[in-house]
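Notes to accompany the following structure.
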Amino acid sequence: MNYTPDFSVVWANWPVLLRGLVVTIEIWLPSIAMGLAGGFLIAQARLSRRRWLSGGSLVYVELFRDTPVLIQLIWFYYAFPILVGVQLSPFAAALLGLTLNTSAYASEIFRGGIKSIHRGQMEGALAIGMSRAQAMRRVILPQVVKRMLPAFTNRTIEVAKMSSLASVISVHELMYQGRLLSSTYYRPFEILTAVAFIYLVLIYPGTFLAGRLEKHLARSS
Amino acid sequence: MTQHPILEIKGLHKRFADHHVLRGIDFSVAPGERVAIIGGSGSGKSTFLRCMNFMETPSEGEVWLDGTRIGTERNGRVTYPEKQLCSVRERLGMVFQQFNLFPHMTVIQNVMEGLVTVKGMPKAEARRIAEAELAKVGLSEKHDAWPGRLSGGQQQRVAIARALSMQPEVLLFDEPTSSLDPELVGEVLRVINTLAGEGRTMLLVTHELGFAYHFATKVIFLADGVFHEVGTPDEVLKNPQKPRTQDFLRRFGEFAF
Ligand SMILES: Nc1ncnc2c1ncn2[C@@H]1O[C@H](COP(=O)(O)OP(=O)(O)O)[C@@H](O)[C@H]1O
Ligand SMILES: [Mg+2]
Chain A
12 MNYTPDFSVV WANWPVLLRG LVVTIEIWLP SIAMGLAGGF LIAQARLSRR RWLSGGSLVY
72 VELFRDTPVL IQLIWFYYAF PILVGVQLSP FAAALLGLTL NTSAYASEIF RGGIKSIHRG
132 QMEGALAIGM SRAQAMRRVI LPQVVKRMLP AFTNRTIEVA KMSSLASVIS VHELMYQGRL
192 LSSTYYRPFE ILTAVAFIYL VLIYPGTFLA GRLEKHLARS S
Chain B
236 MTQHPILEIK GLHKRFADHH VLRGIDFSVA PGERVAIIGG SGSGKSTFLR CMNFMETPSE
296 GEVWLDGTRI GTERNGRVTY PEKQLCSVRE RLGMVFQQFN LFPHMTVIQN VMEGLVTVKG
356 MPKAEARRIA EAELAKVGLS EKHDAWPGRL SGGQQQRVAI ARALSMQPEV LLFDEPTSSL
416 DPELVGEVLR VINTLAGEGR TMLLVTHELG FAYHFATKVI FLADGVFHEV GTPDEVLKNP
476 QKPRTQDFLR RFGEFAF
């Protein structure tokens, strides 16, 4: 191998990569936040005694879990507008797709967590006069979040990685900028290595902090 | 007794699918009464108690609390608005066999939780009340412990303090000592005895017949989904009239009064 890497092309284009990173974060964090909130609601529907609610939410969850994310994103960009008659921007389509996808996975985490908390916890809370909503907020959810922290962390990391797929519908995020730069300068080795490194730097602190937090929580009880 | 009842049950039925557990119970509790409920396992003692504070919804019948019917009847169907059930549960404290303490809260937080979240009390005031209740059950030195670090007897005493913190008018105990090691039963029964001394209204499901004898003003033997025999501790535990009750007591063997 007599290829001489030249990383100056990366330094020269760092503002472009930075812009891409900002867009990546703009897709990632909101879709995680909204996906978790949505996932909590869908979990409630899954656990409902009403058949149409639990059945409908099951179909929703399976649709997102049993189809490739890539198709979901492309579908929301190209097919969804035909259905509703409104053209979405690439960014909006990616945000929508990733949010709904996250909500499907998160709902299963919430559902498993809520079911793993003993029935006695809900009863203990109701017996002192709490409403179901208060019991959920004060007694059940804190225990679910604690118990399910590893699963939520994994999901957060997954979504950061999945956000790179938004490049195929031309969202100007990190992966998109990387591919654009590497085909402009014919320096795929340097640029794609740099892009991978930026993802690592973005994701690793989260993994690290979650690990610390988990240990801390495990000690406190 | 001429005093009007704090709790009154009329024609109570409870079915789980086609399993008819409670089959028509009429009953009333006067303020200050202490009722012990005994009966075989699976006879519906817990179900009866849980229908009082609507942990289970009665299939049929009426529950009256201090002269007010719980639930709203419309077109022959009774609904139980959540708001009303919450206030009923505030007024009827419940202590469970498995304690059901909140493991993610310290002892004092467990006892403060209802005051802060349900009654909306400022934390400082809730803490003062919680400290007093913990002192009453003899656990002042365990404020900041996690429930999981306590013995079963201590956990059950925290659960009693948690129920007391809401200043309930009636206390419901569902086999409070059944999941405890024998050497820990005494400390919980002593706390319940103290409450009896304060003249509190209490319903206690128990297998501790010796304790029931000294504790109760009234004993109920539950069998076949009805109150098979009701009377004073002497009547029911010492001179039961019905063969079924006699059988049950005989199978329980000797117990010292
Ligand atoms: N949630 C429930 N669903 C179905 N059956 C139940 C439920 N709770 C209690 N049962 C049944 O009702 C009967 C009475 O139960 P329970 O009140 O717990 O009895 P006890 O407290 O006297 O042991 C039992 O046969 C039990 O299996
Ligand atoms: Mg029982």
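Line by line, the protein sequences give chains A and B.
At position 80 of the first sequence the residue is numbered 91 (my numbering), and the sequence of numbers has no breaks.
At position 155 of the second sequence the residue is numbered 390 (my numbering), and the sequence of numbers has no breaks.
Note that CB positions come from ideal geometry on N, CA and C, so glycine has one too.
Presumed contact (8 angstroms Cβ cut-off) between A/G31 and A/E184, rounded CB distance
Going by Cβ atoms, the distance from A/G31 to A/E184 rounds to 5 angstroms, so yes, they are a contact pair.
Reducing DSSP to helix, strand and coil, say where B/M236 ends up.
In this predicted model, B/M236 has a pLDDT of only 48, less than 50, meaning its place in the structure is not dependable enough to derive any value.
So, under 8 angstroms CB-CB, B/V423 and B/Q391 are touching, yes? Tell me the CB distance rounded to an integer number of Å.
5 angstroms
C-beta neighbour in chain A for B/K453, strict 9 angstroms:
no
When you compare only the Cα positions, how much space is there between B/P293 and B/C286?
6 angstroms
Along the beta strand (DSSP E) that carries B/A252, what are the first and last residues, could you check?
Neither: B/A252 is in no beta strand (DSSP E) and is coded neither H nor E.
Is the number of C-beta pairs between the segment 359-375 of chain B and the segment 390-408 of chain B that are closer than 8 angstroms three or more?
yes
Where A/T15 falls, given that 16 or more other Cβ within 10 Å makes a residue buried
exposed
At a CB-CB cut-off below 9 angstroms, which residues of chain B make contact with A/P161?
The contacting residues do not exist; A/P161 stays about 17 angstroms from chain B at best.
If I'm right that A/L151 touches A/I120 with Cβ under 8 angstroms, what's the distance once you round it to whole angstroms?
Per the sequence shown, residue 151 of chain A should be read as Ile rather than Leu. The pair is not a contact, with the Cβ atoms about 14 angstroms apart (cut-off 8 angstroms).
Which of helix, strand or coil does DSSP assign to B/F331?
coil
Do you know whose CA, among B/E433, B/G466, B/D416 and B/L415, lies nearest B/Q402's CA?
B/E433
Distance check for A/L58 and B/M236, CA to CA, integer angstroms please.
Only weak support is given to the placement of B/M236: the predicted model assigns it a pLDDT of 48, under 50, and the question is left unresolved by the model.
Should B/S281 be listed as close to ligand 2, given that the test is whether its C-beta is under 8 angstroms from any heavy atom?
Within the cutoff, so yes.
Tell me whether B/V256 counts as near ligand 1, meaning its Cβ is closer than 8 angstroms to at least one heavy atom of that ligand.
The beta carbon of B/V256 sits closer than 8 angstroms to at least one heavy atom of ligand 1.
Neighbour list for A/M173 in chain B, Cβ cutoff strictly below 9 angstroms
The contacting residues do not exist; A/M173 stays about 32 angstroms from chain B at best.
Sort out for me which residues DSSP pairs A/T218 with in a bridge.
Looking at the DSSP assignment, A/T218 forms no beta bridge with any residue, so it has no partner.
With hydrogens ignored, establish whether the beta-carbon of B/V270 is closer than 8 angstroms to any heavy atom of ligand 2.
no
Classify A/A144 as buried or exposed, calling it buried when 16 or more other Cβ atoms lie within 10 Å of its own Cβ.
exposed
Could you give the residue range of the alpha helix (DSSP H) that holds A/T110?
P101 to S127
Is it the case that the Cβ atoms of B/F262 and B/I273 are separated by a distance below 9 angstroms?
no
Pick from A/K157, A/R122 and A/R198: whose alpha carbon is nearest that of A/R223?
A/K157
For the putative contact between A/L192 and A/N24, defined by C-beta atoms under 8 angstroms, what is the C-beta separation to the nearest angstrom?
5 angstroms
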